[in-house]
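Mapping of the sequence shown onto my numbering: residues 274 to 868, in sequence order.
Worksheet for the structure shown next.
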Amino acid sequence: MRQIVPCEFQERISGESFGKTGKSFERAGGSFGKIRKKTEKSEGVRRKIRSGFGRKRVRRPAFLLAAALLCAVSLTGCHGKVGRSTFKLPKEFDDFEKIELTFWAKNDTNKTQTDIYEKAIADFEKLYPNVTINLRLYTDYGKIYNDVITNISTNTTPNVCITYPDHIATYLTGEDSVVPLDDLFTDKRYGLGGSRVRFDSPTQEEIIPQFLEECSIDGHYYAIPYMRSTEACYVNKTYVEKLGYTLPDVLTWDFVWEVSEAAMEKNDDGTYKINGQNVMIPFIYKSTDNMMIQMIRQKGSGYSTDSGEIQIFNDTTKELLYTIAEHAKSGAFSTFKISSYPANFLNAGQCIFAVDSTAGATWMGTNAPLIDIAEDKLVEFETAVLPVPQFDPEHPQMISQGPSVCIFNKEDPQVVLASWLFAQYLLTDDVQIAYSGTEGYVPVTSRAQNSAEYQDYLARCGEDNTTHYDVKIKAAELLLDHTGDTFVTPVFNGSASLRDAAGQLIESVTKSVRRKQKINDKYMKKLYEETSALYHLDEIGEQSGASAGGKADLGELPAASKLLLIVLGVTWAVILLCVCRKVFVQRKRQPPHDS
């Protein structure tokens, strides 16, 4: 494949050429001095020598002009590409080559998850002693995403990375940056379940199909699922019943709104009747992007097409926002970005419906193993774990989410193969079962899910408030029971921005209501326009096509940019001509020296 030379390298070459030209110029001056000393003293001969020198000096500026123009034109081709060879699977893994890998993963305060990563690395290094893996932990996926984007242009990405398919779609704008896994999946030696793999790797058929499909972009697999979760509504069942309601098996939006408004009733002293406190936010949603996406999906309304056509700015979305604004105005609804973590309010008896990921279950409930508020603020209540609210409870729909693993291309195919083998290792039963037990995650392979060890883990629900914390295991069982009801949004270059925009619509409306702004059609029109501009959604359709096949070429520079570069080249050429002319004139005026 043709190597694209980075712009800065081309500029360095041009500078080196100019330096060589300058040295030639100095050598020419020295030669002329020697000739002058050895020539006859006649004026005619001196004129000959000078005229010869003049012709020589004219040719050099002409050469410099041509070089400058060539440099300027060549710069126009250096636009949006990163030189890198397409990965080709080696025939054998080289046990003698020392290989060092970098693994980027997410972890915030869960030390158990860090221990699992470190153990997986140590066990893998025992199987492949020539491989060393360096672990770098991040506190959130957004920071991983930003760092990867920054490092793609310099080819300093990690080797293995925990990430999301939405993010991978953007990574693919770097040519051959992310390794497509289709051929690696099926390779008989080093593929999933391959004969040369030194551990019990799952086969492709043993990966849950819905989870694997999430890793497909433009018809190719660019990742493998690592863990899966969904969203759950963690409910203070005690307060729901105190308000005179019976909790259904599947929540509806109408039910949640009604109970939330009922909980806003106050005593004469200004405290809330339901909890006797000064604070009550009945309904708090952690991830408003998921909230909007799921509401739209349940309504059968447009979000986007697979190719990246934006459809979210429609009348259904507007009606949903009007409803949200109504309950935000009364104080019955808020968001994580505005108020803080739903779990903190739930555990303090200041929230009834707290929606968060099943991967956040260890923070939910009176007896949660992870608590972020003072112990004396905890309130005793029964916690119910239910699917997110639905418009049609007979046909529930909920989002599937969770981290995946991708590997980045490098010049050494042995390094890429080692990266792939380690990514596979993360799918082994030991890693899958251990990591899923840290939160309300579920393993991504049927083999791990059906193993005796994992089934025993589920069966011991509520046995303790640590490993077998009932809320955590119920959250995992929620996804296991509803895997067939999950969905994913289309993945394309820019889909991460669209996801952010979906959440921003809710955040903006909620904040505007708190600021006493009037929410009407004029406001909605302006909100749509500003959100689209903020996240560059009008550009996504064009960009998404660039990621097809995992490659992106931003094309030639615009004509104005080309012209600017050419003008710069010509300007430098003119400067060089002036310098050469000045030297020539000075030489011509200098009186000859007799020997």
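Even glycine gets a Cβ: it sits at the ideal position worked out from N, Cα and C.
With a threshold of 6 Å on Cβ separation, who are the neighbours of D579 within its own chain once the five nearest residues in sequence on each side are excluded?
Annotation for D579: P763 place their beta carbon closer than 6 Å to its own, counting only its chain and skipping 5 residues before and after.
For A806, count the other beta carbons within 10 Å of its own beta carbon; 16 or more makes it buried, fewer makes it exposed. Which is it?
Its Cβ having fewer than 16 others within 10 Å, A806 is exposed.
Chain-order list of residues whose beta-carbon lies under 8 Å from that of T405 (same chain, five-residue window excluded):
If we look at T405 and ignore the five residues flanking it on each side, its Cβ neighbours are K371, I372, E373, L374 and E398.
R501 beta carbon near the ligand FMN (any heavy atom closer than 7 Å):
The ligand FMN is not among the ligands present in this structure, which contains no ligands whatsoever.
Kindly indicate which residue of K379, F376, V421 and V451 has the alpha-carbon position closest to the one of E684.
Answer by Cα proximity: V451.
Is the beta carbon of M553 sitting closer than 8 Å to the one on Q623?
Between M553 and Q623, the C-beta gap is smaller than 8 Å, which places the two residues in contact.
With a threshold of 7 Å on Cβ separation, who are the neighbours of N383 within its own chain once the five nearest residues in sequence on each side are excluded?
Closer than 7 Å at Cβ, skipping near neighbours: T711.
E803 burial status per 10 Å Cβ neighbour count (16 or more: buried):
By the Cβ-count criterion, E803 is exposed, with fewer than 16 other Cβ atoms from all chains shown falling within 10 Å of its own Cβ.
Going residue by residue through the segment 668-700, where are the continuous beta strand (DSSP E) segments of at least 3 residues, counting only ones entirely within it?
Listed in chain order, the complete beta strand (DSSP E) runs (minimum 3 residues) inside the segment 668-700 are 677-680.
Would you mind sorting P431 into buried or exposed? The rule is 16 or more other CB atoms within 10 Å of its CB.
In this structure P431 is buried. Its beta-carbon is surrounded by 16 or more other beta-carbon atoms within 10 angstroms.
Please state the DSSP three-state secondary structure of N617.
Assigned with DSSP and collapsed to three states, N617 falls in helix.
Alpha carbon to alpha carbon, how far is K745 from E582?
Cα to Cα, K745 sits roughly 38 Å from E582.
Evaluate contact between the segment 657-665 and the segment 533-540, counting only Cβ atoms and requiring at least three cross-stretch pairs below 8 Å.
Short answer: they don't touch.
Which residues mark the beginning and the end of the beta strand (DSSP E) in which Q627 is found?
At residue 627 the sequence reads Ala, which differs from the Gln that was named. Counting along the chain, the unbroken beta strand (DSSP E) around A627 starts and ends at F626 to S630.
As assigned by DSSP and simplified to three states, the class of Y558
Looking at Y558 - three-state DSSP - the assignment turns out to be strand.
Ranges of the beta strand (DSSP E) found wholly within the segment 424-452, counting only runs of at least 3
DSSP assignment within the segment 424-452 yields the following whole beta strand (DSSP E) runs of 3 residues or more, N-terminal first: 433-436.
Measuring CB atoms only, is the segment 683-703 touching the segment 463-477, in the sense that at least three cross pairs come out at less than 8 Å?
With a cut-off of 8 Å, the segment 463-477 and the segment 683-703 count as touching, because enough Cβ pairs lie within range.
Burial state of H600, where buried means 16 or more other Cβ atoms lie within 10 Å
Buried, since its Cβ has 16 or more Cβ neighbours within 10 Å.
Start-to-end residues for the alpha helix (DSSP H) that takes in T387
Taken as a continuous stretch (DSSP letters only), the alpha helix (DSSP H) holding T387 covers K384 to L400.
Please go through the same chain and pick out, in chain order, the residues whose beta-carbon is closer than 7 Å to the beta-carbon of G464, but skip the five residues on each side of it.
Counting only Cβ-Cβ distances below 7 Å, and skipping sequence neighbours, we find L457 and F458.
For E736, report the span of its beta strand (DSSP E) as first-last.
From DSSP, E736 is part of no beta strand (DSSP E); its letter is neither H nor E.
So, is Q859 buried or exposed, given that buried needs 16 or more other C-beta atoms within 10 angstroms?
Q859 is exposed by the Cβ-count criterion.
Identify the continuous beta strand (DSSP E) that holds I611 and give its terminal residues.
Segment F609 to S612 is the alpha helix (DSSP H) holding I611; no beta strand (DSSP E) there.
Roughly how many angstroms lie between the CA atoms of K572 and P669, to the nearest whole one?
For K572 and P669, the distance between alpha carbons rounds to 11 Å.
Locate the alpha helix (DSSP H) running through K591, then write down its first and last residues.
Judged by DSSP secondary structure, K591 falls within the alpha helix (DSSP H) whose first and last residues are D588 to S603.
S468 to F606, Cα distance in whole Å?
It is roughly 55 Å from the alpha-carbon of S468 to the alpha-carbon of F606.
Taking the alpha carbon of Y437 as the point to measure from, which residue in N407, I497 and I547 has its own alpha carbon closest?
Of the candidates N407, I497 and I547, the residue whose Cα lies closest to the Cα of Y437 is I497.
Can you tell me whether E726 is buried or exposed, with buried defined as 16 or more other CB within 10 angstroms of its CB?
A residue is called buried once 16 or more other Cβ atoms fall within 10 Å of its Cβ, and E726, having fewer, is exposed.
Would you list the residues sitting across from Q220 in a DSSP beta bridge?
Outside the modelled stretch of the chain, which goes from 274 to 868, sits residue 220, for which no answer is possible.
S946: buried (16+ other C-beta within 10 angstroms of its C-beta) or exposed?
A query on residue 946 cannot be resolved here, the shown segment of the chain reaching from 274 to 868 and no further.
My understanding is that T639 touches E653, with C-beta atoms under 8 Å, so please give their C-beta distance in whole angstroms.
With a Cβ gap of about 5 Å, T639 and E653 count as contacting.
To which residues of the same chain is D368 closer than 7 Å at the C-beta, ignoring the five residues directly before and after it?
Closer than 7 Å at Cβ, skipping near neighbours: N403.
Identify the continuous beta strand (DSSP E) that holds A496 and give its terminal residues.
Careful: A496 lies outside any beta strand (DSSP E) and carries neither H nor E.
Where F369 falls: helix, strand or coil (DSSP)
F369 falls in the coil class under three-state DSSP.
CA-CA distance, C280 and S426?
Low per-residue confidence applies at C280: pLDDT is 38, beneath 50, and the placement is therefore not dependable enough to give any value.
Does DSSP put C853 in a helix, a strand or coil?
C853 falls in the helix class under three-state DSSP.
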